[in-house]
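This report concerns only the one structure given below.
In this note's numbering, the protein residues as written are 137 to 297.
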């Protein structure tokens with residue numbers, strides 16, 4: 137793999153567009169395009185800056201090596217795997233939020249029913265004072281538990297299998 141191929145692969149592996157990389161190097165996008173197509177070679181100071189941006193050595197950029205290519209591919213795959221795990225974690229968080237909210241609504245509905253019709257009816261005219269107290273306290277407890285569970289679930293990092 138030559139320098140132009142390495143620049144292209146490293147830029148893509150780091151999720152940078154030619155415009156974004158050119159901004160970091162204070163050069164034109166066309167210069168990046170020429171480097172990647174092999175029409176031009178970066179100046180030595182730009183090679184040093186590229187090595188810093190991509191977190192590789194200048195030796196890696198300048199010397200062709202099969203091992204380095206495999207390391208780059210492994211690094212790209214590692215980043216892709218991390219992105220997939222993060223997306224899965226976000227989806228799991230949304231599922232947990234939806235399910236816990238639904239369960240909370242069911243719990244609140246149950247508390248309303250119990251406090252109004254079963255535990256403390258007020259001669260069938262609505263809530264008694266104890267029913268109102270149970271209702272308010274129950275709803276507060278359910279909401280607090282839901283918030284705590286969702287917060288704890290969201291702060292867990294995605295696990296690798």
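Positions of the beta carbon are idealized from the N, C-alpha and C atoms, including for glycine.
If you draw a straight line from the C-alpha of residue i to the C-alpha of residue j, how long is it?
i           : j           : result
residue 282 : residue 240 : 7 Å
residue 219 : residue 194 : 27 Å
residue 144 : residue 246 : 60 Å
residue 215 : residue 233 : 27 Å
residue 184 : residue 213 : 25 Å
residue 138 : residue 197 : 8 Å
residue 200 : residue 235 : 53 Å
residue 271 : residue 249 : 9 Å
residue 290 : residue 175 : 48 Å
residue 274 : residue 244 : 7 Å
State the start and end residues of the unbroken alpha helix (DSSP H) segment that holds residue i.
i           : result
residue 199 : From DSSP, residue 199 is part of no alpha helix (DSSP H); its letter is neither H nor E.
Does DSSP put residue i in a helix, a strand or coil?
i           : result
residue 297 : Below a pLDDT of 50, predicted positions are generally treated as unreliable, and residue 297, at 46, falls in that range; the measurement from the model is reported next regardless. Residue state, collapsed to three classes: coil.
Inset, instruction - Could you tell me whether the stretch 223-242 touches the stretch 272-288, where touching means 3 or more Cβ pairs closer than 8 Å? - result: A contact exists between the stretch 223-242 and the stretch 272-288.
Inset, instruction - Decide yes or no for the touch test of the stretch 137-154 against the stretch 181-197: beta carbon pairs closer than 8 Å, at least 3 of them. - result: In this structure the stretch 137-154 touches the stretch 181-197; the number of beta carbon pairs closer than 8 Å is three or more.
Legend entry - Every unbroken alpha helix (DSSP H) inside the stretch 138-212 [4 residues or more]: Every alpha helix (DSSP H) of 4 residues or more that sits fully in the stretch 138-212 is shown, in chain order, as 139-149, 154-161, 165-173, 180-190 and 194-198.
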